[in-house]
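The block underneath contains the structure these notes are about, expressed in structure tokens.
Protein chains in written order, with the working numbering: chain E, 4 to 326; chain G, 9 to 403; chain A, 113 to 401.
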């Protein structure tokens with residue numbers, strides 16, 4: 004890791020943890036907390052999608068895992084009484100396990116075939132949530148408590164959200180922390196032997212396989228990590244809205260996760276984060292355009308594709324080709 | 009004082025007084041009311057009819073000089089947010105309302121959105137008027153949501169009872185889209201029908217919201233030949249197609265729903281086949297509409313080109329907010345004052361002929377007054393227009 | 113049982129027609145056109161405007177839909193897809209463009225035609241009733257026949273016309289076709305226009321029966337994706353087979369599973385996933401698309 008990289012990371016951390024809360028306090032735009040929290044959480048989900056892109060698979064099924072993660076967290080909290088902080092990793096793990104079971108048969112597929120089957124998966128998950136008794140079906144799960152206090156060996160690490168004066172800030176910090184961890188993990192994966200192998204998969208699967216790479220294993224691993232991220236994102240959303248319905252994450256969300264990756268750039272680790280920020284935050288800002296909101300939003304998206312078909316980050320890419 | 013300074017001061021005074029007068033004329037203080045709901049995508053009709061009825065009414069109020077609250081005339085401004093029927097967006101919308109200092113919001117239109125915005129509304133002292141029916145939104149400890157219309161578990165039994173007495177129906181079948189709102193409405197509708205002694209012959213058939221051909225969906229339901237077919241929570245887009253499929257398959261019984269519908273949509277989509285279709289509406293049928301309602305429909309039509317009959321039920325929320333604040337001006341910024349006022353509030357209903365009243369109800373269903381009292385107007389469609397079958401009140 | 117089959121056949125005919133346009137575009141350019149459903153909706157609204165608002169005959173509306181959508185398709189290919197495909201490193205990038213176009217059309221439809229459900233009056237009255245065994249309104253029969261005629265016409269066009277042969281060559285091997293002197297740009301444009309036109313035609317046909325509203329676009333695209341997956345992406349016979357199979361599955365499934373209610377569609381989608389997992393190329397597709 005070079006010095007400029009380190010400096011960049013330092014600036015980024017300073018911005019998200021210090022500058023943003025300060026600017027919000029100064030400007031009084033408290034509503035930005037939720038918007039930025041959403042951006043952080045959705046970018047965790049799109050980080051997962053990006054990783055599946057990295058092994059050459061178009062994943063339009065992340066909404067399914069976000070929904071599963073949300074339900075795991077909600078059910079554990081309301082029916083078993085588990086602390087939110089414990090449900091968070093459990094939601095991720097549950098999704099990872101399910102994704103291995105689903106991934107075994109479907110990861111053999113490529114291109115649009117994989118894309119389509121993941122698209123169907125989102126709808127299957129929604130219908131399952133409607134039909135299962137444990138999810139409370141159509142009525143959803145509501146009145147979920149806010150995250151409680153987290154104490155490890157008697158040391159209080161995180162206070163009870165219900166007693167915090169400003170839960171918005173608390174959720175923002177939680178989401179941003181998770182986002183930073185996610186992208187750190189993603190960065191680590193990409194710049195490790197695993198990432199190198201993934202790139203070989205993206206370029207030529209047969210070749211990778213012929214030189215002794217266990218492609219099936221690798222694909223499963225990447226997909227499981229991807230789904231883990233999706234589950235985490237879903238679980239935190241549930242904590243914020245304190246409710247979940249089968250329609251909390253739908254096909255549109257799955258498609259959006261994929262679009263965020265495209266907009267940011269498929270060749271860049273930070274791509275999905277930037278893409279999520281631009282598209283989600285942009286939509287919110289455009290609400291002043293009223294009935295022309297969608298028109299302007301979509302026109303901007305098309306224009307972006309025409310000018311920068313390889314994602315916004317390709318602007319800064321002098322070397323050409325993925326890092 | 010020389011002439012020059014006299015001139016100066018007079019000019020100044022003139023300008024100042026002119027400015028003051030014009031300020032008094034043009035710049036009424038503004039009362040912002042929010043709307044968070046769906047105005048794009050498949051369910052756009054629901055939110056659009058909501059938003060437009062609010063905007064039409066606001067423009068009308070502003071044109072006649074504002075709304076009198078505690079002796080001051082207020083202009084009404086509608087701040088709208090499109091949540092795309094996504095609960096996550098709905099939260100963002102509610103945050104924007106809080107940011108704009110708004111305390112009264114109409115919407116969201118669906119169950120999941122209404123549940124998702126609850127924490128934000130409670131943290132930011134916002135009273136909101138969802139068009140969603142889950143009781144948990146309105147029962148204590150929840151206290152910031154006020155149901156903006158008649159719930160299906162209130163209108164359903166009234167309709168079934170009326171049809172049992174007047175048409176002698178004995179069996180009923182339910183069909184619903186496989187989404188939260190319709191399925192919940194189907195379940196509560198079926199329970200209500202059973203409680204009334206009706207035999208429920210089919211309540212398991214569901215359809216995808218994007219179905220383009222309802223004949224296969226309808227076939228197993230029609231085979232049970234019910235006296236009454238209930239389209240639970242049906243969207244205005246699906247209603248004509250469902251009716252058409254049922255009739256074309258030879259169904260001759262009654263068809264009803266507990267949601268609001270639009271006569272023009274039924275006319276175009278099902279034509280004569282929709283005759284006799286029973287739905288819940290507002291007060292725009294000729295027998296009930298007051299002059300104010302007719303003027304509202306005129307202004308709406310002028311402003312947006314075409315009226316939507318669903319707006320009849322949706323004009324009320326804004327009226328309730330304004331009238332309640334007028335009854336207790338402290339409520340403008342203090343929602344606790346609003347809640348106290350709700351318990352005793354009463355005002356004449358401007359949209360209906362006769363001596364109908366605006367008041368808050370819901371004690372029977374929710375244990376507290378968390379519902380606007382709108383007349384439960386049950387309509388039957390006939391040749392392009394709605395005719396009133398009967399009018400009831402919810403308590 | 114006859115009724116179920118008849119319903120499935122009718123549903124299949126309309127599905128197959130929707131899937132044809134999508135699969136044509138996919139086979140030519142490897143573009144998964146997310147905006148296909150929106151084009152279908154647009155076509156429906158054009159027919160609605162011509163027939164219900166302007167009061168012209170239905171056939172005029174159909175032609176208007178076909179022409180407007182064909183022009184729209186050609187413009188989209190030339191000015192949007194072509195430059196993006198040329199410049200982007202990964203061909204999946206066109207998915208973002210297609211999604212952007214889908215959103216744009218959604219917005220345009222909302223502004224142009226409004227948020228309400230629309231429909232045109234029945235073009236033929238009356239119901240065909242064979243001894244209560246098959247009940248089918250005449251307008252459905254007419255639309256079903258028209259749909260099948262269009263499918264047959266399309267197949268004939270692809271088989272016997274010069275443009276059709278060129279497009280089939282392109283779909284088979286782009287580079288080889290180019291070497292053989294096929295004008296790739298020209299036929300990509302024609303193919304896209306034809307695909308969009310088919311979407312518009314189905315919209316125009318179905319507006320008489322199911323009506324149209326702005327929300328139908330996205331779900332229609334997704335259904336069309338499923339059909340071409342069943343049959344095999346980019347294969348014309350596959351799209352037709354996929355359409356009819358999905359139609360039958362819905363018709364039969366809805367009747368058989370009616371008693372289980374909410375899980376009907378779950379069963380349909382889940383079995384689809386299992387099928388695709390074990391036969392990824394669909395019924396007739398080339399493996400790996």
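In this text, a Cβ means the ideal position worked out from N, Cα and C, and glycines have one as well.
Please read these numbers as outputs of a predicted model, since none were measured by experiment.
Evaluate residue i with the Cβ neighbour count: other Cβ atoms within 10 Å of its Cβ, from every protein chain shown; 16 or more gives buried, anything less gives exposed.
i: residue 274 of chain G; result: buried
i: residue 227 of chain A; result: buried
i: residue 102 of chain E; result: buried
i: residue 385 of chain G; result: buried
i: residue 368 of chain A; result: exposed
i: residue 349 of chain A; result: exposed
i: residue 63 of chain G; result: buried
i: residue 89 of chain G; result: buried
i: residue 360 of chain G; result: buried
i: residue 56 of chain E; result: buried
i: residue 258 of chain E; result: buried
i: residue 182 of chain A; result: buried
i: residue 32 of chain G; result: For residue 32 of chain G, the predicted structure reports a pLDDT of 48, less than 50, and the residue's modelled location is therefore unreliable. The matter cannot be settled from this model.
i: residue 126 of chain G; result: buried
i: residue 378 of chain G; result: buried
Taking the beta strand (DSSP E) that residue i falls in, what are its first and last residues?
i: residue 263 of chain G; result: 262-264
i: residue 248 of chain A; result: 246-249
i: residue 390 of chain G; result: 384-390
i: residue 182 of chain G; result: 179-185
i: residue 43 of chain G; result: 38-45
i: residue 282 of chain G; result: No beta strand (DSSP E) holds residue 282 of chain G; DSSP gives it neither H nor E.
i: residue 159 of chain E; result: 158-161
i: residue 9 of chain E; result: No beta strand (DSSP E) holds residue 9 of chain E; the alpha helix (DSSP H) holding it covers 6-17.
i: residue 81 of chain G; result: 80-90
List, in chain order, every chain A residue whose beta-carbon is nearer than 9 Å to that of residue i.
i: residue 120 of chain E; result: 341, 384, 385, 388, 389, 392
i: residue 270 of chain G; result: 228, 229
Which chain A residues sit within Cβ distance under 8 Å of residue i?
i: residue 216 of chain G; result: 331, 377
i: residue 51 of chain G; result: 327
i: residue 221 of chain G; result: 119, 122, 123, 126, 321, 322
i: residue 383 of chain G; result: Within chain A, no residue comes near residue 383 of chain G; the closest Cβ sits about 25 Å away, beyond 8 Å.
Which residues in chain G have a C-beta closer than 9 Å to the C-beta of residue i? List them in chain order.
i: residue 151 of chain A; result: Those within 9 Å of residue 151 of chain A in chain G number zero; the least Cβ separation is about 15 Å.
Give the residues of chain A in contact with residue i, contact being defined as C-beta atoms less than 7 Å apart.
i: residue 273 of chain G; result: 228, 229
i: residue 257 of chain G; result: 247
Could you spell out where the alpha helix (DSSP H) holding residue i opens and where it closes?
i: residue 67 of chain G; result: 52-71
i: residue 53 of chain E; result: 34-57
i: residue 217 of chain E; result: Run containing residue 217 of chain E: none; DSSP gives neither H nor E here.
i: residue 189 of chain G; result: 188-203
i: residue 161 of chain A; result: It is not in any alpha helix (DSSP H) - residue 161 of chain A carries neither H nor E in the DSSP assignment.
i: residue 259 of chain E; result: 254-267
i: residue 359 of chain G; result: From DSSP, residue 359 of chain G is part of no alpha helix (DSSP H); its letter is neither H nor E.
i: residue 308 of chain G; result: 299-312
Can you pull the chain E neighbours of residue i, defined as C-beta to C-beta under 8 Å?
i: residue 191 of chain G; result: 133, 140, 141
Cβ closer than 7 Å: which chain G residues qualify as neighbours of residue i?
i: residue 371 of chain A; result: 212
Is residue i close to the ligand GTP? I mean its beta-carbon at under 7 Å from any heavy atom of the ligand.
i: residue 182 of chain A; result: The ligand GTP is not among the ligands present in this structure, which contains no ligands whatsoever.
Name the chain G residues that come within less than 8 Å of residue i, Cβ to Cβ?
i: residue 164 of chain A; result: 276
i: residue 367 of chain A; result: 224, 227, 228
Check your understanding: Which runs of the beta strand (DSSP E) spanning at least 3 residues fall entirely within the region 218-272 of chain G, listed in chain order?
Key -> With a minimum length of 3 residues, the unbroken runs of beta strand (DSSP E) contained wholly in the region 218-272 of chain G fall at 236-240, 262-264.
Review point. Which runs of the beta strand (DSSP E) spanning at least 3 residues fall entirely within the region 292-354 of chain A, listed in chain order?
Key: Counting whole runs of 3 or more residues, the region 292-354 of chain A contains no beta strand (DSSP E) stretch at all.
Practice item. Take every Cβ of the region 143-150 of chain A, pair it with every Cβ of the region 378-390 of chain G, and state whether three or more of those distances are shorter than 8 Å. Key: Result no; under three Cβ-Cβ pairs closer than 8 Å.
Point to revise | contact_flag[the region 209-228 of chain G, the region 177-189 of chain G] where n(CB pairs < 8 Å) is 3 or more | key: Using a Cβ-Cβ distance cut-off of 8 Å, the region 209-228 of chain G and the region 177-189 of chain G are in contact, since at least three pairs of beta carbons, one from each stretch, lie closer than that value.
Check your understanding: Is the region 265-282 of chain E touching the region 140-148 of chain G, taking contact as three or more C-beta pairs under 8 Å?
Key -> The answer is no - the region 140-148 of chain G does not touch the region 265-282 of chain E, with fewer than three Cβ pairs under 8 Å.
Check your understanding: So, do the region 264-280 of chain G and the region 305-321 of chain G have three or more beta carbon pairs nearer to each other than 8 Å?
Key -> In short, these stretches touch, since the Cβ pair count reaches three.
Review point. Just checking, does the region 67-82 of chain E make contact with the region 353-367 of chain A on the three C-beta pairs under 8 Å criterion?
Key: Contact between the region 67-82 of chain E and the region 353-367 of chain A is absent, because fewer than three Cβ pairs lie under 8 Å.
Practice item. Return the chain-ordered ranges of every alpha helix (DSSP H) run that is complete within the region 124-207 of chain E and spans a minimum of 4 residues. Key: Listed in chain order, they are 170-193, 196-206.
Check your understanding: Taking three-plus beta-carbon pairs below 8 Å as touching, is the region 195-209 of chain A in contact with the region 284-293 of chain A?
Key -> As far as the Cβ criterion goes, the region 195-209 of chain A does not touch the region 284-293 of chain A, which means the pair count is below three.
**Study point:** Segment contact flag, the region 123-135 of chain A with the region 335-342 of chain A, C-beta cutoff 8 Å, min 3 pairs
**Key:** Contact between the region 123-135 of chain A and the region 335-342 of chain A is present, because at least three Cβ pairs lie under 8 Å.
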